[in-house]
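> Quick one: structure below, then a few questions.
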Amino acid sequence: MQVFVTGASGFVGGAAVRALADAGHEVRAMSRTDKSDGVIRALGAEPVRCDLESVTGAHVGAAEAVVHCAAFVEQWGPREAWRKANVEGAAAMLKAARAAGVKRFIHIGTEAALFRGQHLRGVDETYPLAPNSPYPYSATKAQAELLVRAANETGVFETIVLRPRFIWGPGDTTLLPTIEAMARAGRFMWVAHGAARTSTTHIDNLTHAIMLALTRGFGGQAYFILDDGVRTMREMISGMAASRGLKLPDKSVPAWLADMLGAACEAAWRLLPLQGAPPLTRFGAMIMSREAVLKDDKARMELGYAPVVTVDAGLLELKRG
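Using my numbering, read the sequence shown as starting at 615 and increasing by one per residue.
What follows is the structure, encoded as structure tokens:
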């Protein structure tokens, strides 16, 4: 199958390109720079020079499927940055895919699209999205998902949303490097002792779900893609840190204090000419203390999904490097 992928220079997109190419699919991927061209070729795909603002049906070409992984995932920035990348970017890709005659559009969503600051416990796909969330990442990913699902036309242009949670594994460019940097600098601290329970998604389980979604599942639907079982934030993050030979400290702050500190940092960065991103945001504090326990029964029934990597095996793989 010919597949067009966005976000190939990132963690998820790059893993998707490699998995698709290794499975024998003909993969072309969006690229904005010479450096990205090299990365994409090394993954086994053909780079196509365009971006989410300029992409057209001609760029998508003869692809039968699109896997849209590109997103703005930072915790800090101008609100317009999230909207431009996540909402307008999804709209542009939908338009280009339709123009190219694509049959299936797979959008990488997130459980954060449901998040307004609350715990998520025992949640399945019937739980409402949060397009008006106070957190720009959550709001714009919810808005993008609504666009994608509304664009579905069964048998003609089918759209599917895959929702991972806490993506981890080899090639991680964000979570593990951040934990490692904070720990080595003596700045790591738990929120609420890391007791919040969370579902997780190993990158190989997500790419497995992407492969399944090329031909399975129902258009206009969303699916949680998860590892087996539930762990605390402390169990998961400590295990990841241990793979780098790090033992994380026990020091912790209460959730209410972390929330207040995140809000205070955001206010200071808005009011004062401070450089870079604040050390803590409200969203960053809350994702460490709010539970996110999700259900993937729907993916198992309709996609035929089951994890191909266990958490224990994944952590051992990280340790081996």
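Even for Gly, the Cβ is constructed at its ideal location relative to N, Cα and C.
Could you spell out the range, first to last residue, of the alpha helix (DSSP H) harbouring Gln757?
Element bounds for Gln757: Pro750 to Ala764.
> So Phe625 and Gly831 are in contact, right, with Cβ under 8 Å, and what is the actual spacing, rounded?
About 23 Å separates the two Cβ atoms, so there is no contact after all.
> So what does Met644 bridge to, in DSSP terms?
Met644 is bridged to Val662.
> So for Val687, helix, strand or coil by DSSP?
Coil at Val687, not helix or strand.
> Just curious, the beta strand (DSSP E) that Val619 is in, first and last residue?
Element bounds for Val619: Gln616 to Thr620.
> Determine the direct distance from the alpha carbon of Thr670 to that of Thr589, and round the result to whole angstroms.
Because residue 589 is not part of the residues shown, which for the chain are 615 to 935, the question remains open.
> Whole angstroms is fine: what's the gap from Val716's alpha carbon to Ala677's?
Distance between the alpha carbons of Val716 and Ala677 is about 6 Å.
> Once DSSP output is grouped into helix, strand and coil, what is the label at Arg830?
If DSSP states are grouped into helix, strand and coil, Arg830 belongs with coil.
> Beta-carbon within less than 6 Å of Pro778's beta-carbon, same chain only, minus the 5 sequence neighbours each way: which residues are those?
Once the five neighbours on either side are set aside, the close Cβ partners of Pro778 are Thr815, Leu820 and Ile839.
> Taking Asp873 as the reference, give the member of Ala913, Val907, Pro863 and Val805 with the closest Cα.
Of the listed residues, the one whose Cα sits closest to Asp873 is Val805.
> Can you grab the Cα-Cα spacing for the pair Ala635 / Leu826, in whole Å?
Each residue's alpha carbon lies about 14 Å from the other.
> Going by beta carbon distance, what residues of the same chain come within less than 8 Å of Glu725, once the five residues before and after it are set aside?
Counting only Cβ-Cβ distances below 8 Å, and skipping sequence neighbours, we find Leu734, Val737, Arg777, Pro778, Arg779, Ser813, Phe838, Ala906 and Leu908.
> From Ala788 to Ser857, what distance separates their C-alpha atoms?
Contrary to the premise, residue 788 reads as Thr rather than Ala in this sequence. Going by the C-alpha atoms only, they are around 15 Å apart.
> Can Leu743 and Ala758 be called in contact, C-beta distance under 7 Å?
In this structure, Ala758 does not lie closer than 7 Å to Leu743 by Cβ.
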